[in-house]
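Going by our numbering, the letters in the sequence shown line up with residues 3 to 257, in that order. Okay, structure first, notes after.
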Amino acid sequence: MVRARKRFGQNFLVDESVAYGIGEVLAIQPSDLLLEVGPGRGALTKVLYPYGARRYVGVEIDRDLIAGLERDFPSLELINQDVLRVRLGELLADGPWRVVGNLPYNISTPLLVRLLGHSEQIGDMHFMLQREVGARLAGVPGTKQWGRLGVLAQYHCEIERLFDVSPESFSPVPKVHSVVVRLVPRSEKLPLIDAARLDLVLRHAFSGRRKRLVNALKSLPVRWEELALPEQARPDELSVSDYVALANACDAQQS
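And the structure:
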């Protein structure tokens, strides 16, 4: 059996009841296009594969796991690559795709941000991830969980926390608890001129979350006169709609 590699952030799912729980909430249909991030030893794949999705693609970084996956799941289309380097626009073409995975803790945030940028090609996403990340996805203004990830996620998607997963469900046993979440891209979003500009505003704002907003964004050309925001507002007090308005009132994509 292939051992977990620390450099890949691997914690393999070993609790079959969790895998079957995820399979139940997904309810894969024969017409579905399914992408699994990090199939690993195949604990979740074993549950989802028999549903017979029209296409089932797995992205796995660990080449030592590929042979076992190819043997056990002959029609699984495997990509032996770091998912953060995969060209998602090409991979998710002809969507909508359903995306699922037990996300390594060390890549969950950057991967989620990348996937949110392709939400038009995605039907839904179901992820098992660190409970802290789940709390940030579902955060609300005025709390310490509220930040860039929550604003981006809630702009693009409806978010639902499904169930908790104990550390003992994994090998090796992590020091943190996990949660399974569902993200469903919104059919209608707030009007946004430029998604990259929204992310730029968020990166600047939450790099100094306890600063006044005008100070945190002082290097950006924001047309403040168009905004109805309190002068003393701080970044963690603004809503998703506030940040969309800010991005729309920002003239250029500066870094």
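Idealized CB from N, CA, C, for every residue including glycine.
Own chain partners of residue i with C-beta closer than 7 Å, once the 5 adjacent residues on each side are dropped
i	result
R276	Past the boundaries of the shown model lies residue 276; the chain is included only from 3 to 257, so the question cannot be answered.
E228	A251
I30	L36, L50, Y53, A55
D17	S171
Q156	V242
Residue j beta carbon less than 8 Å from that of residue i
i	j	result
A21	D34	no
H179	S168	yes
N104	M130	yes
F165	V182	yes
S110	V135	yes
Q123	P106	no
Q225	D253	With the sequence shown as reference, residue 225 is identified as Arg, and Gln is not the correct amino acid for it. Yes; because the gap between Cβ atoms is below 8 Å, this pair is in contact.
E162	R184	yes
E38	G144	no
V85	L113	yes
R116	E160	no
L28	V102	yes
Cβ shell of residue i (< 8 Å), same chain only, five flanking positions each side left out
i	result
A6	Residue confidence for A6 is low, a pLDDT of 49 falling below 50, so the modelled location carries little weight; the figure read from the coordinates is stated next. For A6, where only same-chain residues beyond five positions count, the Cβ hits under 8 Å are Q12, N13, F14, S173, P174.
L71	P41, G44, T47, G60, E62, L78, L80
Proximal residues to residue i (C-beta, below 6 Å), its chain only, five neighbours per side dropped
i	result
L36	A55, Y58, R100
G210	A218
S257	Only weak support is given to the placement of S257: the predicted model assigns it a pLDDT of 47, under 50, and the value that follows is read from those uncertain coordinates. Excluding sequence neighbours, S257 sits near nothing in its chain.
Cβ separation of residue i and residue j, assumed to be a contact under 8 Å, to the nearest whole Å
i	j	result
A218	P237	6 Å
L215	A230	Actually they are not in contact, since the Cβ atoms of L215 and A230 sit about 13 Å apart, beyond 8 Å.
Span of the alpha helix (DSSP H) around residue i
i	result
S297	Limits of the chain in this structure are 3 at one end and 257 at the other, which puts residue 297 out of reach.
P237	Looking at the DSSP string, P237 is not in any alpha helix (DSSP H), and its letter there is neither H nor E.
A68	Sequence inspection shows Ile at residue 68; the Ala mentioned does not correspond to that position. Note, I68: alpha helix (DSSP H), 65-74.
Q120	According to the sequence displayed, residue 120 carries His and not Gln. No alpha helix (DSSP H) holds H120; DSSP gives it neither H nor E.
E92	90-93
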